[in-house]
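Taking it in order: structure first as structure tokens, then the write-up.
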Amino acid sequence: MTKDLENLINLIFMSSASSVLLSGNLISQPEKIALHIAQSFLCKDIKKNNLFCNDCHSCNLFSANSHPDIKVIERSKDKTQIQIKQIRDASDFIYSTPLIADKKIVLILRADELNFFAQDTLLKSLEEPPENLKFILTTSLPYRLKPTVLSRLTHCKLNPEIHSLNSESNNDGFIDINKNDYPEECWNKDEKVMRLFDDLASLKGRKIINYLIKDKDKDNLLLKLNWLSKIIEESILIHFTETLSDTPFTQLSKEIKNTLDADTLIYLYDEILPVINSLQSNENLNYDFQTAAISY
Ligand SMILES: [Zn+2]
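Residues -5 to 290 in the working numbering are what the sequence shown spells out, letter by letter.
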């Protein structure tokens, strides 16, 4: 585990937040980190830096998947979403007292898979959580959660470069993957980027995509759109959630959040995301867009 991840876990422990959202991509493994944090919350012999002991009764039960004070909620394999019934079924657990540990944990894995109604039901518990209960949610797509749900969560953004469970992964490979994921300007605040967002905010519909295509090297289109969507997503989240950790985009996202309101950002996001999905999944559309890019 890297020092930064240790610090982040410490921060989560010290924060009074009853509900934490851990967001990150596949590389940063929010689910694994969430389990790690959950075990630490339940451990009876917590070590320095709030790390679980892996030896006490509580830790043994946790390792055997039979700890009575944690409820893990995730999508069933035969369903496409987490169902409302799964949240309703958790209410007995939520409002009972812990049996072994001092706290109880509700861990919702890939919370973006909660269906609309399940999110509404969850919201009631998030609004008035019992004193000894912690909610830990994980996602790689935080924007898919409803703003009302997001507004109840303290958001920890995992950065694969520094928040790694496996310290060795910090050395080779991972940093390159991350840096190559996005164009260089995302690492620094840049007037040019702010102008780009001002321009984008004045456009509607297809004109947004046309504007982006016109301005960008066609080979970089998907890369740029991905980068834009990440910044927009983070700006939206800053509108709605309290945050404990920063990503390389945070400074820029804060600037953008101060310039553009949430509705505008959500509109831009909704316009850009389908194009990214199409580009990633459909070569023909990719060709169409590249052809369009050449003609602008
Ligand atoms: Zn323990």
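Even for Gly, the Cβ is constructed at its ideal location relative to N, Cα and C. From a predicted model like this one, the values you see are computed outputs, not experimental measurements.
Contact check for L108 and Q75: beta-carbon distance about 7 Å, within the 8 Å limit, so the pair qualifies.
Counting C-beta pairs closer than 8 Å gives three or more between the region 146 to 153 and the region 231 to 246, which meets the contact rule. Annotation: R189 to L254 spans about 12 Å, alpha carbon to alpha carbon. When C-alpha distances from D(-2) are compared across T241, D264, V269, the shortest belongs to T241. Under the three-state reduction of DSSP, F129 is assigned to strand. Going by DSSP, K151 is part of no alpha helix (DSSP H) but of the beta strand (DSSP E) stretching over 148 to 151. The criterion of a C-beta distance shorter than 7 Å is satisfied by K251 and S229. Shortest gap from the CB of S239 to any heavy atom of ligand 1: 6 Å or more. Placement of the Cβ of S60 at a distance of 6 Å or more from every heavy atom of ligand 1 is found. R69 and S12 have their C-alpha atoms roughly 23 Å apart. Around the Cβ of N59, a 10 Å sphere holds fewer than 16 other Cβ atoms; the residue is exposed. Cβ-Cβ distances below 6 Å link F129 to S13, V100 in the same chain, with the five nearest sequence neighbours on each side left out; the list follows chain order. With respect to P154, S22 sits close: the two C-beta atoms are nearer than 7 Å.
With a cutoff of 6 Å, S52 counts as near ligand 1, since its C-beta is closer than that to a heavy atom of the ligand. Here S239 is not near P136, since their CB atoms are 7 Å or more apart. Taking the C-beta atoms as reference points, A95 is found no nearer than 7 Å to S34. Per DSSP, the unbroken beta strand (DSSP E) holding K65 starts and ends at 64 to 67.
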